[in-house]
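All residue numbers for the sequence shown refer to numbering that gives the first Met the number 0, where the first residue is 0 and numbers rise by one. Glycine included, every Cβ here is placed at the ideal spot set by N, Cα and C. Below is one structure, written out as structure tokens; the observations come after it.
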Amino acid sequence: MRHLTRSFAEGTLRRGREVEQLLEAFEEDGRRGLRWASISPATRFHGFIVRLHVVEDLDDTYRLTVDEYLSFHETDEEDFGQTIGETESAQAAIDLANRELGADPTRWVNQGVLQDEYNDYLKQGRPLGRWQPS
0 MRHLTRSFAE
10 GTLRRGREVE
20 QLLEAFEEDG
30 RRGLRWASIS
40 PATRFHGFIV
50 RLHVVEDLDD
60 TYRLTVDEYL
70 SFHETDEEDF
80 GQTIGETESA
90 QAAIDLANRE
100 LGADPTRWVN
110 QGVLQDEYND
120 YLKQGRPLGR
130 WQPS
């Protein structure tokens, strides 16, 4: 099973690992994009950072990993995602991502597994809207 239960996601975060979640696909000005969330342990304090990443859906044959896709919005800086908030606990971070981004508390995956979610999205024909894995 790819998705982490809420308690496993919290444990992953407390062990210093990141979790990620594909949120949705959208189209704007004739371009396709993806929104995905990440929660990572903070390096400057003992807490967690919730981020939203908005990237261009390249659908290229080389299939870079989603976290290597170009930012949807033009920027000269490397895009590490928009910080949604910082929390003291893993539980609060998951709650924040749910409240602010609509992230499902039961659909987090370990860092690096987001690409498997993206591959499923491709197999389903790149549907627009909230991502609902089958």
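Does residue 129 pass the burial test, meaning 16 or more other C-beta atoms within 10 Å, or should it be called exposed?
Exposed.
Quick check on the burial criterion: 16 or more other C-beta atoms within 10 angstroms. Buried or exposed for residue 89?
By the 10 Å Cβ count, residue 89 comes out buried.
Whole angstroms is fine: what's the gap from residue 9's alpha carbon to residue 16's?
So the two alpha carbons sit approximately 10 Å from each other.
Please classify residue 90: does DSSP put it in a helix, a strand, or coil?
Residue state, collapsed to three classes: helix.
So the beta strand (DSSP E) residue 134 belongs to, where does it begin and stop?
An answer regarding residue 134 cannot be provided, because it is not within the stretch 0 to 133 covered by the chain.
What three-state label does DSSP hand residue 98 in the structure shown?
Note: residue 98 maps to helix in three-state DSSP.
Taking its Cβ as the centre, do 16 or more other Cβ atoms sit within 10 Å of residue 11, making it buried, or is it exposed?
That one is buried.
Look at residue 25 and residue 92 and say whether their C-beta atoms are less than 8 Å apart.
Taking 8 Å as the Cβ cut-off, residue 25 and residue 92 do not qualify as a contacting pair.
So, residue 21 versus residue 99, is the Cβ gap smaller than 8 Å?
In this structure, residue 99 does not lie closer than 8 Å to residue 21 by Cβ.
List the DSSP bridge partners of residue 38.
Answer is 18, 49, bridged to residue 38.
On the CB-based measure, 16 or more other CB atoms within 10 Å of its CB, does residue 29 come out buried or exposed?
So residue 29 counts as exposed.
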